[in-house]
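A short worksheet on the structure shown next.
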Amino acid sequence: MSFDISERHNMIYPSQASSRKWRVLDITVTSVIAVASGVVFWMWDWVCMAPLTLFENITPGFEGLLNGFWLFAGPLAAVIVRKPGAALYAETVAAFLELTLGNQWGVGGSLIVGLMQGLGAELAFALFAYKVWTNLVVLLSGALSGAMCGVYYWFTNPGWGMMRVSIYLGTSVVGGVIAAAACIALSRAIARTGALAQFAHWRVRDSEAKRA
0 MSFDISERHN MIYPSQASSR KWRVLDITVT SVIAVASGVV FWMWDWVCMA
50 PLTLFENITP GFEGLLNGFW LFAGPLAAVI VRKPGAALYA ETVAAFLELT
100 LGNQWGVGGS LIVGLMQGLG AELAFALFAY KVWTNLVVLL SGALSGAMCG
150 VYYWFTNPGW GMMRVSIYLG TSVVGGVIAA AACIALSRAI ARTGALAQFA
200 HWRVRDSEAK RA
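Rendered as structure tokens:
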């Protein structure tokens, strides 16, 4: 039996939904998140150039802060579904869809970096053996996803100086943390509608909130 940690009361509850076995429901929800995220990624591709240029003109590397718009699929899927591989699956499928719809980044700037971001997001939950799903772990997921994004652009831009690399890596991590925080808020908003009632861990959270 696996366990779920309640942040409200700092207690541990057994949770059937924390089982590592994927159900059809888990696959469906993760896929929906991935597709929706991929569409958002693609839409952001076509409006991001002006903001990216603006942030870059403020300080070269500062544009990494805007990477958060491409970093939310993994943490969101993981925090909702709570299954090993959910973050990697969602971020990678979203990136593949973004590429398939067509953009200016190509395979490297879409699929490869998306895979790396998914690995970063997944690593945070793997470090805790998929047993801890607190806000801090979700934020760590966003941070590691942002770090992997920063690493990709570091290696694909050998002309960058260390100052720009450092700023870009730092702002990418911050962007990932902001994206993860938004995922926490969004998942709770979705849960309040009752849409996540089939997930046992969300039923535990709801029942605890009502008793508080």
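For the sequence shown, numbering that gives the first Met the number 0 gives the first residue as 0, with consecutive numbering after it.
Where a beta carbon is used, it is the ideal one built from N, C-alpha and C, also for glycine.
Measure the alpha-carbon distance for residue i versus residue j and round it to whole angstroms.
i, j, result
"A196", "V80", "12 Å"
"L65", "L98", "19 Å"
"W153", "I166", "11 Å"
"G67", "W41", "14 Å"
"F95", "N102", "11 Å"
"V131", "L122", "12 Å"
"D44", "R22", "33 Å"
"V46", "N56", "17 Å"
"Y129", "K20", "12 Å"
"F71", "V31", "14 Å"
"T133", "A179", "12 Å"
"P228", "I26", "Nothing in the structure corresponds to residue 228, since the chain is present only between 0 and 211."
"L126", "I189", "27 Å"
"W69", "G149", "12 Å"
"Y151", "G193", "38 Å"
"H200", "R187", "12 Å"
"R163", "I177", "21 Å"
"S18", "Q116", "24 Å"
"M161", "P59", "11 Å"
"F198", "F61", "39 Å"
"R191", "G63", "32 Å"
Cβ of residue i versus every heavy atom of the ligand NAD: is any distance shorter than 8 Å?
i, result
"G193", "Annotation note on the ligand NAD: not contained in the displayed structure, which lists no ligands."
Taking 7 Å as the limit between beta carbons, can you name the residues of its chain near residue i, skipping five residues before and five after?
i, result
"T29", "A76, V80, A85, Y88, A89"
"F124", "A77, A86, V136, S140"
"L24", "Q197"
Which same chain residues end up closer than 8 Å to residue i when comparing Cβ atoms and leaving out the 5 residues on each side of it in sequence?
i, result
"A146", "G119, L168, S171, V172, G175"
Taking 6 Å as the limit between beta carbons, can you name the residues of its chain near residue i, skipping five residues before and five after?
i, result
"L110", "A94, F95, L98"
"M233", "Since the displayed the chain opens at 0 and closes at 211, residue 233 lies outside it and no answer follows."
"I113", "In the sequence as displayed, the identity of residue 113 is Gly instead of Ile. Answer for G113: E90, T91, A94, listed in chain order."
"L100", "W41"
Do we get a CB-CB distance below 9 Å when we pair residue i with the residues of chain D?
i, result
"L98", "Chain labels in this structure do not include chain D; a single protein chain is all it has."
Original post:
How do the stretch 47 to 57 and the stretch 139 to 157 stand: do at least 3 beta-carbon pairs fall below 8 Å, yes or no?
Top reply: Per the Cβ contact rule, the stretch 47 to 57 is not in contact with the stretch 139 to 157 (fewer than 3 Cβ pairs under 8 Å).
Original post:
Per the contact definition of three or more C-beta pairs closer than 8 Å, is the stretch 19 to 37 in contact with the stretch 142 to 149?
Top reply: no
**OP:** Would you be able to state if there are at least three C-beta pairs under 8 Å between the stretch 73 to 87 and the stretch 100 to 111?
**Re:** Too few Cβ pairs lie closer than 8 Å, so no.
Subject >> the stretch 176 to 185 touching the stretch 124 to 138, judged by at least three CB pairs closer than 8 Å >> reply: yes
Original post:
Residue ranges of each alpha helix (DSSP H) run of no fewer than 4 residues wholly in the stretch 146 to 207, ordered along the chain?
Top reply: 161 to 191
Subject >> Segments of 4+ residues assigned as alpha helix (DSSP H) that fall wholly inside the stretch 13 to 94 >> reply: Fully enclosed alpha helix (DSSP H) runs of 4 or longer: 23 to 44, 48 to 57, 72 to 80.
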